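Enquirer: In this note's numbering, the protein residues as written are 888 to 1302.
Ideal placement from N, C-alpha and C gives every residue a C-beta, glycine not left out.
This one's a predicted model, so the numbers in the text were calculated from it and none came from an experiment.
One structure, as structure tokens, below. Some questions next.
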Ligand SMILES: [Zn+2]
């Protein structure tokens, strides 16, 4: 049984460099084996490995080992996690939800640093070791949320890796001043630039996309654009995004989140859009939305070779109380809403919550092979498909070869 590291500060203790996991099954490999973790990487894998003196031991018979989960589309700055229950009250339209959020957050006056810390600790307890989070930037709040999340990221180094997207939640062209704030956030450490419904929110797709791609071109950052606009409107926006991706040489650096329109157009139109996605290596994020919304045909996209990833989206916030930051459960929801019952379908959903997100975040050494980062998750399950279906308790979560959560609890004290 693992004893886990004592807690003495803001990062996991590094006095012990060896950890041995005994008798676990690795996703994608037959049989069980030991995993020797040394200095933050998977140093050896095989049956009956001899443990170094003083190595921490985890007896993991009956467990499946997965790479740490990747939540590559979150909004940790505006969660209500840890506060009193907030009954949902926003209207049905996207604009209603944005306006309601601004009103409620202004009333509550919560600290983005504290709220985001609360949520990432919960995410870590559920096995998420890497997260791309969108962070609101806009003329009403300036860079307050962004600075809060930057501080939180610094305080959690070594526990969870975060990539920040400067995100214009209140629009770009309709909210003068936003472009300057977005560019400032990129200068101050945002790795990714966000966008939002260039047509539906801004009514100026050329204006928004030209401006965002110009910033990305100047700073060499990636783009991740929220696109809720439906059907033909969304499809036309995809063409504009692809055109600019090509013109600025940003192939492989652009993602489109939600992309509902891919599930709403005719088959022939879909094939045209898939060709554009492949030609420009544009990745698609879907979190399998609740309600009747049609969303991208994930198996078809995967079969065509489109890069896919997923995330929690907003967790217990003014947009919805339903998302909970659990990426194994998210894989289940993707499978459930997509009608996946076979193992390849269930594993596709899990790949979106692991390797797909890792690829989009540009993680090096992600996986379960010798030499990979020792960012791992142990659950009681026979196969990855079973883990998706039942999303069982997270027995151990390891980051850099150290236990950071055990039995569903993060080893960091409460934020
Ligand atoms: Zn989102």
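Which one or two residues does DSSP pair with residue 921 in a beta bridge?
Expert: The partner list for residue 921 (beta bridge, DSSP) reads 933.
Enquirer: Less than 8 Å separating the beta-carbons of residue 1286 and residue 1047?
Expert: Yes. Within cutoff.
Enquirer: Taking the beta carbon of residue 970 as the centre, do at least 16 other beta carbons fall within 10 Å, making it buried, or is it exposed?
Expert: The residue is exposed, with fewer than 16 neighbouring Cβ atoms inside 10 Å.
Enquirer: Taking 7 Å as the cut-off, is the C-beta of residue 1229 nearer than that to any heavy atom in ligand 1?
Expert: It does not: the Cβ of residue 1229 is nowhere closer than 7 Å to a heavy atom of ligand 1.
Enquirer: Return helix, strand or coil for residue 1025, following the three-state DSSP convention.
Expert: Of the three classes helix, strand and coil, the one that applies to residue 1025 here is strand, per DSSP.
Enquirer: Between 1268, 1060, 1272, which lies nearest to residue 1280 when the distance is taken from Cα to Cα?
Expert: Checked all of 1268, 1060, 1272; the closest Cα to residue 1280 is 1268.
Enquirer: Between which two residues does the alpha helix (DSSP H) carrying residue 985 extend?
Expert: That run of the alpha helix (DSSP H) goes 981-995.
Enquirer: For ligand 1, I want to know if residue 919 counts as a neighbour, meaning its beta carbon is within less than 7 Å of at least one of the ligand's heavy atoms.
Expert: Incorrect: residue 919 has no Cβ contact closer than 7 Å to ligand 1.
Enquirer: In its own chain, which residues sit with a C-beta less than 7 Å from the C-beta of residue 996, not counting the 5 before and 5 after it?
Expert: Once the five neighbours on either side are set aside, residue 996 has no close Cβ partner at all.
Enquirer: Taking C-beta to C-beta, are residue 1175 and residue 1144 nearer than 8 Å?
Expert: No; because the gap between Cβ atoms is not below 8 Å, this pair is not in contact.
Enquirer: Less than 8 Å between the C-beta atoms of residue 966 and residue 1204, yes or no?
Expert: Contact flag set, yes.
Enquirer: Quick one: what's got a C-beta closer than 7 Å to residue 1250's C-beta in the same chain, skipping five residues either side?
Expert: Cβ neighbours of residue 1250 beyond the five flanking positions: 1017.
Enquirer: Contact between the segment 1016-1030 and the segment 1038-1056 is defined here as three or more beta-carbon pairs at a separation below 8 Å; is this criterion met?
Expert: Because the criterion of three Cβ pairs below 8 Å is met, the segment 1016-1030 and the segment 1038-1056 touch.
Enquirer: Could you tell me how far apart the beta carbons of residue 1131 and residue 1096 are, in whole angstroms, since I believe they sit closer than 8 Å?
Expert: That belief holds up - the Cβ atoms of residue 1131 and residue 1096 are roughly 6 Å apart, short of 8 Å.
Enquirer: Just checking residue 1225 against ligand 1 - is the residue's beta carbon closer than 7 Å to any of the ligand's heavy atoms?
Expert: Not so, every heavy atom of ligand 1 lies at least 7 Å from the Cβ.
Enquirer: By the DSSP assignment, the alpha helix (DSSP H) with residue 1231 in it spans what residues?
Expert: 1230-1238 is the extent of the alpha helix (DSSP H) around residue 1231.
Enquirer: Report the rounded CA-to-CA distance for residue 890 versus residue 943, giving the unit in angstroms.
Expert: With a pLDDT of only 32 at residue 890, under 50, the local geometry of the prediction cannot be trusted, and the value read off the model is given with reservation. Cα-Cα distance, rounded: 7 Å.
Enquirer: Give the secondary structure of residue 1169 by DSSP, where H, G and I count as helix, E and B as strand, and everything else as coil.
Expert: In the structure shown, residue 1169 sits in coil (DSSP, three-state: anything other than H, G, I, E or B).
Enquirer: Can you determine whether any heavy atom of ligand 1 sits closer than 7 Å to the C-beta of residue 1144, and answer yes or no?
Expert: For ligand 1, at least one heavy atom lies less than 7 Å from the Cβ of residue 1144.
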